[in-house]
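One structure below.
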Amino acid sequence: MAYTLAQIAARLGGRVLGDAEIEIAQVATLEQAGSDEISFLANSKYRSKLSDTRAGAVILSDADVDATALPRIVSSNPYAYFAKVSALLNPLPKAVPGVHPHAVVGQGALLDPTASIAAMAVIGRGVVIGAQSVIGEGCFIGDNVRIGAGVRLYPRVVVYQDCVLGDNLIAHSGAVIGADGFGFAMEEGRWIKIPQIGRVVIGNDVEIGANTTIDRGALDDTVIEDGVKLDNQIQIAHNVKIGAHTAIAGCVGIAGSTTIGKRCQIGGSAGILGHLEIADDVMIASFTLIGKSIHESGSYAAIFPFGKTEDWRKNAVHLRHLDEMNRRIKRLEQSKQESLKDNN
Amino acid sequence: MAYTLAQIAARLGGRVLGDAEIEIAQVATLEQAGSDEISFLANSKYRSKLSDTRAGAVILSDADVDATALPRIVSSNPYAYFAKVSALLNPLPKAVPGVHPHAVVGQGALLDPTASIAAMAVIGRGVVIGAQSVIGEGCFIGDNVRIGAGVRLYPRVVVYQDCVLGDNLIAHSGAVIGADGFGFAMEEGRWIKIPQIGRVVIGNDVEIGANTTIDRGALDDTVIEDGVKLDNQIQIAHNVKIGAHTAIAGCVGIAGSTTIGKRCQIGGSAGILGHLEIADDVMIASFTLIGKSIHESGSYAAIFPFGKTEDWRKNAVHLRHLDEMNRRIKRLEQSKQESLKDNN
Amino acid sequence: MAYTLAQIAARLGGRVLGDAEIEIAQVATLEQAGSDEISFLANSKYRSKLSDTRAGAVILSDADVDATALPRIVSSNPYAYFAKVSALLNPLPKAVPGVHPHAVVGQGALLDPTASIAAMAVIGRGVVIGAQSVIGEGCFIGDNVRIGAGVRLYPRVVVYQDCVLGDNLIAHSGAVIGADGFGFAMEEGRWIKIPQIGRVVIGNDVEIGANTTIDRGALDDTVIEDGVKLDNQIQIAHNVKIGAHTAIAGCVGIAGSTTIGKRCQIGGSAGILGHLEIADDVMIASFTLIGKSIHESGSYAAIFPFGKTEDWRKNAVHLRHLDEMNRRIKRLEQSKQESLKDNN
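Chains C, L and E, in that order, give the protein sequences.
Its first residue numbered 0, the first sequence is counted upward by one per residue in numbering that gives the first Met the number 0.
Its first residue numbered 0, the second sequence is counted upward by one per residue in numbering that gives the first Met the number 0.
Its first residue numbered 0, the third sequence is counted upward by one per residue in numbering that gives the first Met the number 0.
Written out as structure tokens, the structure reads:
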């Protein structure tokens, strides 16, 4: 499949400069692109790379429009434009509609005729699956789950009973949606399980990474709003709510009943304790534990800076004596005060 | 399914006050409960919520018994009582006994006739499965695994060969029990694999979260004692031993050959290095790395406090100079000493 | 299966002292070994254990050769030797060659006749699988994946389309190879997905732990070189490159486009940010976040030392005031300077 620049711009907008009839078959980086490939320049600071590229065409912004003579598409957001060109050139393989003979479908399931159920998948009773949705190999969909249109579950995704998945959800292999939250009452030295009777409810246009887990609510639901993007191996506990268009990097853990605002960005391996509120537009650094609610948008961090092990050891030992260190400083200050007084 | 307060108390104990014939169909929070639902008050500090609730009945302790006129059950442990009421009202769906036609069972497997093997499950040779146990869709049970009674493996749990699972185990989807521990010997720049020939042995009444991994022992076994509760995405390395009734939150990693005591509580994303001993009744905060054995019960922590990124950066830079800071304080103290001497 | 010491040394090298005809059926620790088992002493500091062991034979180094009268094999690397003896005594169960009747194989797949495809596995179109390779129960292999010889995929491994796996790969259950990297462009408050069109390319003799995830490249490939060993629940983002013979412990997260050198060792739950370069022979401590490139081999750390919670709290509060503390010290130093001047 290949498109001319003119065809691309006709579909996706943008202004073509140079030879609009050049055919583009693939996207690539400026370093790797060949003559039938298109690349992009999202940041003027890499402008020098344009002189060396062998790309057939480039996507760039108005500010860089004169930095190359290559055929080019001018866009106000070259990176987003590039994403769309790539999606045009790399459509997902079409899945065969219908139920594979090696799949099992429960009673009362309502599957859109354009939906595809792959081999070894098991669909529970009363499940509803929308148009063009693809349930991958070996997926398990629990009883009464509702799945929207245009959803793609990669192989071996598990969705427990009663959960609700919006349109255009992408969930990668090993994701587990709706397992029991971690809830127990202590009685005489033993943990008594609290049945987890809430659901997971997921909005539209959400992506869920490989081996990410989202627990069902204890009593009320766990909620993931529209446009949320979750990377791999994230753990979302029961009754968490994640606001629309928030993006979370890999290995993050979010404890129970915490509410996260809209358009937040959370770095890899960060953590958020339970029963907190995080405002909209909050950025949290990688490896940072958030232990209190954040009421103000902005950027937050708590990373211990690394060093050579011998330097780290020499310095870190004092972390156990910071309070004493502070008192020693205070004593010095007081004695200075007194000696000043004495001198007066 | 619904029960009157009188019927509930007849089964679970506790003292009924008010209309004992009111019918209860479900549990809910004080905020969300309706007239056929029961809620609970576990902490007197939330007593004010009782005045606004529309719950049909409430579970509370003796201390709060007069705080509402609603029909109520008095219990010394309202939260545990609530857990039991919820279990009564929300029984797990009954699984169909027997082997699904789309499951595969190996030679010599001994399956209790009341056990249920779901579609796409594969049961190895010589496996033993006890009464009422449910092996979910797509589970894999390796050769010679022994599984007790009343066990529930949710879809896509994997148990490697020879492992032993006690009664009433609950394991959620994606859990992997008995994969090889991470053991290698270095020889001339290459890693030589140490075969992992121990097992995983799990006691009774254990719960294992989604995508949690428990490695088999290298030579001896990895052991999880009775009543242990493990949340999602926990990694337990080879030859770890976890004492009875210990509870571990999500994303914790425990390195090889460490022994953890009974009734410990470990917060989310914490870590414990290998070959350590952790005493009984130890509490470890979230995000805390334990690098030495703990011989005394109590609460331990090591969390770097978060802040606005600009504040964090301003402060964190000094972590690389704490030793120097300490020496500067010492010099000031010495010079004070000397000037005191001079003054005498 | 049992071998005499003489037979073992004939296969694996080493020098036998004492009764070379004693039969050895299994390996064990010095503490647990019985009379038909062989143990090892890798470190002279545990030499005293030799006097109590009931092992039938021991593997040890020249330095310890006189520390016991037991039958023994002398090796320059007792631990690696032990690994090889264990592999000899504990061969993996032979898999049945061919395709299980409950497996599904796509058109054009080229399976070596000695390869084994287990029940519930699904093999995509155009897949190539080499000699003696075993695809476990419920694995999914995407279209056009190439798998070398002697590979063992444990049950429920997923490999997305087009990926390349070298010879002798071991991948444990729940591993996901080739899921989409986490790449989005922001446009008017929404995330636009960047199609991930690179692959994962894995060399020979690699081991991948349970529930570990390795994302496919965005444009170019994600690369894991020969001999790399990855523990459980590791997350490797798109376009990461890991050098040969590097070993990474559990729960580590590596962000996109980072290159890690050869023979590195990375401790559990560590993290490495994106777009960094880590030199060869770097050791990174557990729980350490690497936020800048490391150009020099050596050992690096950033662990906050744990303590009793009340001590930690007392000390940690000052972390938010280190900059102020530093200024207070500076003021004291200046005032000392001035008072010295005054005194002159």
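For each residue, glycine too, the CB sits at the ideal point set by N, CA and C.
Source: prediction; values computed, not measured.
Residue i by DSSP, collapsed to three states: which one?
| i | result |
| --- | --- |
| residue 153 (chain E) | coil |
| residue 221 (chain C) | strand |
| residue 316 (chain L) | helix |
| residue 45 (chain E) | helix |
| residue 324 (chain C) | helix |
| residue 20 (chain C) | coil |
| residue 93 (chain E) | coil |
| residue 232 (chain L) | coil |
| residue 308 (chain L) | helix |
| residue 330 (chain C) | helix |
| residue 340 (chain E) | helix |
| residue 63 (chain C) | helix |
| residue 38 (chain L) | strand |
When the distance is taken between beta carbons, is residue j closer than 8 Å to residue i?
| i | j | result |
| --- | --- | --- |
| residue 136 (chain L) | residue 114 (chain L) | no |
| residue 277 (chain L) | residue 259 (chain L) | yes |
| residue 126 (chain E) | residue 108 (chain E) | yes |
| residue 395 (chain E) | residue 176 (chain E) | The requested residue 395 (chain E) is not part of the displayed model; chain E covers only 0 to 343. |
| residue 78 (chain L) | residue 41 (chain L) | yes |
| residue 238 (chain L) | residue 255 (chain L) | yes |
| residue 85 (chain E) | residue 74 (chain E) | no |
| residue 261 (chain C) | residue 245 (chain C) | yes |
| residue 116 (chain C) | residue 98 (chain C) | yes |
| residue 118 (chain E) | residue 94 (chain E) | no |
| residue 173 (chain C) | residue 173 (chain L) | yes |
Can a CB atom of chain E be found closer than 8 Å to the CB of residue i?
| i | result |
| --- | --- |
| residue 317 (chain L) | yes |
| residue 128 (chain C) | no |
| residue 85 (chain C) | yes |
| residue 96 (chain L) | no |
Under DSSP, the beta strand (DSSP E) around residue i begins and ends at which residues?
| i | result |
| --- | --- |
| residue 291 (chain C) | That residue, residue 291 (chain C), is in no beta strand (DSSP E); it is neither H nor E in DSSP. |
| residue 189 (chain E) | 189 to 192 |
| residue 282 (chain C) | 281 to 283 |
| residue 199 (chain C) | 199 to 201 |
| residue 186 (chain C) | 183 to 186 |
| residue 301 (chain C) | Where residue 301 (chain C) is concerned, there is no enclosing beta strand (DSSP E), given that its DSSP letter is neither H nor E. |
| residue 58 (chain E) | 56 to 59 |
| residue 30 (chain C) | Where residue 30 (chain C) is concerned, there is no enclosing beta strand (DSSP E), given that its DSSP letter is neither H nor E. |
| residue 177 (chain C) | 175 to 178 |
| residue 212 (chain C) | 212 to 214 |
Give a yes or no on whether the minimum CB-CB distance between residue i and chain L is below 8 Å.
| i | result |
| --- | --- |
| residue 256 (chain C) | no |
| residue 218 (chain C) | yes |
| residue 186 (chain C) | yes |
| residue 262 (chain E) | yes |
| residue 282 (chain E) | no |
| residue 210 (chain E) | yes |
| residue 327 (chain C) | yes |
| residue 335 (chain E) | yes |
| residue 287 (chain C) | yes |
So, is the C-beta of residue i closer than 8 Å to a C-beta in chain C?
| i | result |
| --- | --- |
| residue 155 (chain L) | yes |
| residue 192 (chain E) | yes |
| residue 139 (chain L) | no |
| residue 298 (chain L) | no |
| residue 321 (chain L) | yes |
| residue 232 (chain E) | yes |
Got a sec, what are the start and stop residues for the alpha helix (DSSP H) residue i sits in?
| i | result |
| --- | --- |
| residue 81 (chain C) | 77 to 88 |
| residue 11 (chain L) | 4 to 11 |
Any heavy atom of the ligand COA closer than 7 Å to the CB of residue i?
| i | result |
| --- | --- |
| residue 211 (chain L) | For the ligand COA, the structure offers nothing, since it holds no ligand at all. |
message: Across the stretch 163 to 173 of chain L and the stretch 218 to 233 of chain E, are there enough close Cβ pairs to call them in contact, namely three or more that are closer than 8 Å?
response: no
message: If contact is defined by three or more beta carbon pairs under 8 Å, each pair taking one atom from either stretch, is the stretch 262 to 282 of chain E in contact with the stretch 191 to 209 of chain E?
response: Taking 8 Å as the limit for Cβ pairs, the verdict is that the stretch 262 to 282 of chain E does not touch the stretch 191 to 209 of chain E.
Three-pair Cβ contact test at 8 Å for the stretch 51 to 70 of chain L versus the stretch 8 to 26 of chain L: yes
- prompt: Between the stretch 300 to 307 of chain L and the stretch 293 to 304 of chain C, do three or more beta carbon pairs fall short of 8 Å?
  reply: yes
task: Decide if the stretch 36 to 51 of chain E is in contact with the stretch 311 to 322 of chain L; the criterion is three or more beta carbon pairs, one per stretch, under 8 Å apart.
output: no
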